[in-house]
Each structure stands twice: as C-alpha cells, then as structure tokens.
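Peer 1:
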Amino acid sequence: MSYADKLKEELCHLPLDDQDECRSEYLGFVKSRGTLRLRGSTAFLVIPLTSITSLKRLFQISKKLSMPIHETQVIEEIRLGRKRGGELTFRFEEVEEFLRKNGISVRDDSIPKPVRDDPVYFGAFIRGLYLAGGSIVDPSKEYHLEITLDTTEAFVSSLKEYISDNFNIKIGIVRVRDKFKAYVKSSLDLIELLSLMGGKKTVTRLSSAIEVRKIRSDVSRTLNFLTANANKSAQAMAKHVRAIRIIDKKYGIDRLDEDLRQVAILRIENEDLNLRELGEIMNPPMSKSAVYNRLKKLMALAEELGDS
Numbered sequence: 465m466s467y468a469d470k471l472k473e474e475l476c477h478l479p480l481d482d483q484d485e486c487r488s489e490y491l492g493f494v495k496s497r498g499t500l501r502l503r504g505s506t507a508f509l510v511i512p513l514t515s516i517t518s519l520k521r522l523f524q525i526s527k528k529l530s531m532p533i534h535e536t537q538v539i540e541e542i543r544l545g546r547k548r549g550g551e552l553t554f555r556f557e558e559v560e561e562f563l564r565k566n567g568i569s570v571r572d573d574s575i576p577k578p579v580r581d582d583p584v585y586f587g588a589f590i591r592g593l594y595l596a597g598g599s600i601v602d603p604s605k606e607y608h609l610e611i612t613l614d615t616t617e618a619f620v621s622s623l624k625e626y627i628s629d630n631f632n633i634k635i636g637i638v639r640v641r642d643k644f645k646a647y648v649k650s651s652l653d654l655i656e657l658l659s660l661m662g663g664k665k666t667v668t669r670l671s672s673a674i675e676v677r678k679i680r681s682d683v684s685r686t687l688n689f690l691t692a693n694a695n696k697s698a699q700a701m702a703k704h705v706r707a708i709r710i711i712d713k714k715y716g717i718d719r720l721d722e723d724l725r726q727v728a729i730l731r732i733e734n735e736d737l738n739l740r741e742l743g744e745i746m747n748p749p750m751s752k753s754a755v756y757n758r759l760k761k762l763m764a765l766a767e768e769l770g771d772s
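Take any residue in the sequence shown, count from 1 to its spot, add 464: that is its number in our numbering.
(1) My output table needs one value for residue 536: the three-state DSSP class, helix, strand or coil.
(2) Which whole-angstrom value describes the C-beta separation of residue 645 and residue 610, a residue pair presumed to lie in contact below a C-beta threshold of 8 Å?
(3) So is residue 770 buried or exposed if we call it buried at 16+ other beta carbons inside 10 Å?
(4) Closest to residue 624 by CA distance: which of 636, 563 and 615 is it?
(5) Rounded to the nearest angstrom, what separates residue 628 and residue 537 at their Cα positions?
(6) Pick helix, strand or coil for residue 496, following the three-state DSSP scheme.
(7) So the candidates are 597, 633, 493 and 595; which of them puts its Cα closest to the Cα of residue 554?
(8) Apart from the five residues just before and just after residue 476, which ones in its own chain have a Cβ nearer than 6 Å to its Cβ?
(9) What does the alpha-carbon distance come out to for the pair residue 562 and residue 484?
(10) Do the segment 577–584 and the segment 594–602 meet, that is, are 3 or more Cβ pairs less than 8 Å apart?
(11) CB residue 709 to CB residue 718, shorter than 9 Å?
(12) Roughly how many angstroms separate the alpha carbons of residue 722 and residue 751, rounded to a whole number?
(13) Cα separation between residue 745 and residue 754?
(14) Comparing alpha-carbon positions, which option in 490, 728 and 509 lies nearest residue 535?
(15) Would you grab the beta carbon distance between residue 513 and residue 588 for me? Rounded to a whole angstrom, and I think it's under 8 Å.
(16) Rounding to the nearest angstrom, what Cα-Cα distance links residue 664 and residue 756 in this structure?
(17) Are the Cβ atoms of residue 740 and residue 705 separated by less than 9 Å?
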C-alpha cells in the first residue's frame with residue numbers, strides 16, 4: 465500500500481459520531497469534487513471519486529446525515545491496474561436544502577461560518593477536501609501534499625487566506641486547466657495540516673521520516689566537507705612534492721638546513737600523510753603549524769629557483 469493510500473485508509477476509518485463533523489466533511493467532498501449535471505429539468509450533484517475507499521466514506525457519511533443518495537456507481541479502471549473508484553449522485557435541491565438548514569449556502573465561495581467556528585469542524589472540512597481529490601508524496605522522497613479542487617477561484621483564495629491567518633499554514637495555489645491545485649511543501653506545514661485532518665498515525669510516520677532525512681542530510685554534508693578537505697590536502701601535497709623535486713634537482717636536498725632537509729625527505733617518502741601526521745614522525749616531533757611553515761619555506765625556495 466502506498467503512502468497516500470495509507471493516509472486515506474487512516475482518515476476513512478475515523479469515527480462518524482458527531483453530526484456537525486460529518487456535515488463539515490460532507491461539505492468538503494461537495495466543494496472539492498461536486499459537479500452539477502442536468503437530466504431533463506432535474507439538477508443533480510455528482511461527486512466523482514478515484515478512490516473506492518473515499519467513495520465508501522462518502523456513502524457512510526451520507527447515510528449518517530440521512531442524505532438520500534439518488535445513484536451509486538462503482539467504476540473499475542482496468543488500464544490502471546484494476547483501480548476502483550466511482551461516483552455518488554444526489555438531487556441538487558435536496559443537498560442545497562440540507563445545507564441551507566445548517567446555515568450553509570452551497571453557492572457561497574467563502575468558508576461557511578459553521579465550519580469556521582470550530583477547528584475540529586474545519587479539520588473535518590479539509591479532510592473531506594483531501595479524501596475527494598488529494599494526494600501525498602512519500603516524505604522520504606519529498607515533502608508534498610496537494611488537493612485538486614474543482615471549484616471557483618474565489619473559494620480557493622478564501623481557503624488559502626483562512627488557513628494562513630488561522631493556522632499559519634502556507635498553501636500554494638496553481639491553476640491546471642479548469643481546476644485548481646492547493647499544495648503544501650513544508651514539512652512543518654504538512655504536520656500541521658495532517659494533524660488538523662486527524663491523521664495522527666501519518667503524523668508519527670512523517671515525523672520519523674523527517675528525522676531520517678535530517679540525519680542523511682547531515683551525513684551528506686559531513687562527507688562533502690571531508691571530501692573537499694581531502695581534495696584540498698591532496699592538491700597541497702602535490703605542490704609540496706613538486707617544489708621539493710625542483711629543489712633537489714637545482715640545489716640539492718642535502719644542502720638544505722637540517723630542519724628543512726628532514727621535512728623535505730619525509731614529505732617525499734610519505735605523500736599520503738597530512739601535516740599533523742607528518743609532524744608526529746619528525747625527530748623531534750613538530751606541531752602542524754611548524755611543519756606548515758617549513759614547507760612554506762621550501763615552496764618559496766622552489767619558486768626562486770624556477771622550473772626551467
């Protein structure tokens with residue numbers, strides 16, 4: 465089961481005990497995917513869903529709310545690995561009347577007051593939006609949750625503003641043909657949004673994934689740092705060896721002062737050692753800075769002698 469499927473499974477198994485919470489979640493389905501269709505002179509609200517799990521959830525909520533379902537259709541898409549979804553059809557006037565009695569206008573592009581009044585109800589509303597048209601990427605790869613909204617630009621703007629002002633969650637919006645995608649790309653915003661929807665188990669898994677990614681990132685930075693230092697040391701060592709060979713050819717290592725001669729010989733014989741290790745095998749042992757100063761003198765002498 466994919467990460468996205470696990471989240472939907474968790475959300476779809478949350479209890480349906482509170483009527484107001486069920487109503488808010490139902491409204492989320494309506495706002496996310498509700499489509500108006502005319503059959504003769506009768507208007508119907510059709511909610512198509514690509515997930516059979518979400519379809520069952522909406523069916524259960526409708527029964528809980530005593531909302532008559534005009535038609536249920538299950539669709540099996542063989543081309544996509546026998547993926548199952550479907551759609552529920554309601555009489556539009558019945559949906560409109562039910563919501564109106566609860567202080568909600570299905571035609572309103574703002575966040576309804578009964579949903580705004582309580583974070584639990586707003587969380588249920590977001591849960592409905594997500595179950596109808598949402599997806600999430602495995603956080604071990606990327607932090608990304610998105611919800612496809614088949615609605616108006618005014619509603620999307622209202623949703624973005626409300627979430628930002630009341631929960632400090634940054635929502636991005638992009639238009640894709642005749643629909644909108646609301647997305648979250650921050651790990652902290654993801655945790656806040658999932659918590660709001662009631663996905664406690666997913667929040668725990670996400671927190672673990674964030675820690676693992678942090679550790680991997682720290683290890684990667686450390687390795688990059690060590691590699692850069694190793695490359696820098698190797699380049700410096702090559703310059704030291706080249707300078708000493710110029711001195712030996714044009715001046716002679718044996719003619720150097722004892723402290724410079726010893727450093728030159730040990731550098732040539734131990735090209736793989738760093739300055740600290742080179743200092744430890746000197747007689748007597750020298751500090752890293754002492755070795756560096758002597759090699760610096762050898763480099764200056766080689767430059768004076770030239771490479772011709």
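Built from N, CA and C at the ideal position, the CB exists for glycine as well. These figures come from a predicted structure and were not determined experimentally.
Peer 2: Straight from the coordinates:
(1) strand
(2) 5 Å
(3) Exposed, since its Cβ has fewer than 16 Cβ neighbours within 10 Å.
(4) Of the listed residues, the one whose Cα sits closest to residue 624 is 636.
(5) 37 Å
(6) helix
(7) 493
(8) 517 and 521
(9) 12 Å
(10) no
(11) Taking a C-beta distance under 9 Å as the contact criterion, residue 709 and residue 718 do not qualify as a contact pair.
(12) The alpha-carbon separation between residue 722 and residue 751 amounts to approximately 17 Å.
(13) Our two residues, residue 745 and residue 754, have alpha carbons roughly 13 Å apart in a direct line.
(14) 509
(15) Here residue 513 is actually not in contact with residue 588; their C-beta atoms are around 17 Å apart, not less than 8 Å.
(16) 58 Å
(17) Using a Cβ distance threshold of 9 Å, residue 740 and residue 705 do not count as a contacting pair.
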